[in-house]
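Please read the structure below before turning to the comments.
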Amino acid sequence: MKKLFTILLVAGMASFVACGPSAEEKAKEEARIQDSIAKVEAEMEAANQQAIQDSINAAAAAAVATATADSIANASEKTAKGKK
Numbered sequence: 033m034k035k036l037f038t039i040l041l042v043a044g045m046a047s048f049v050a051c052g053p054s055a056e057e058k059a060k061e062e063a064r065i066q067d068s069i070a071k072v073e074a075e076m077e078a079a080n081q082q083a084i085q086d087s088i089n090a091a092a093a094a095a096v097a098t099a100t101a102d103s104i105a106n107a108s109e110k111t112a113k114g115k116k
């Protein structure tokens, strides 16, 4: 009975190991994971570049608004001085 149990145990362990993924399947899975990582990194880089561009655009818009306000203020001062 001990020998039968040992043989069944060894056979069970061997069949359990044999059910795992093959080297080809492991390679495909690793390639899939690397592709996913590359895709996420590319998306993150694109989002980062977009955030930088948005900041540049916001700064430019603020500069234009400030310049416009300054021009209006200067024009108002000149008009006020001219009326006095």
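The numbering of the sequence shown is our numbering, which starts it at 33 and goes up by one.
Here a beta-carbon is modelled for each residue, glycine too, at the ideal position from N, C-alpha and C.
From a predicted model like this one, the values you see are computed outputs, not experimental measurements.
Review point. Shorter than 8 Å from the beta carbon of residue 43 to some beta carbon of chain D?
Key: Among the protein chains of the structure shown there is no chain D, as only one such chain exists.
Point to revise | residue 75 versus residue 64: straight-line alpha-carbon distance, rounded | key: Stepping through the sequence shown from its first residue, residue 75 is reached at position 43. Stepping through the sequence shown from its first residue, residue 64 is reached at position 32. Each residue's alpha carbon lies about 16 Å from the other.
Exercise for review: Mind checking which residues open and close the alpha helix (DSSP H) that includes residue 54?
Suggested key: On the sequence shown, position 22 is the one that residue 54 refers to. Premise fails: residue 54 is in no alpha helix (DSSP H) and is neither H nor E.
Exercise for review: Keeping to the same chain, check which residues put their C-beta closer than 8 Å to that of residue 98; ignore five residues upstream and five downstream.
Suggested key: Counted from its first residue, the sequence shown places residue 98 at position 66. Cβ neighbours of residue 98 beyond the five flanking positions: none.
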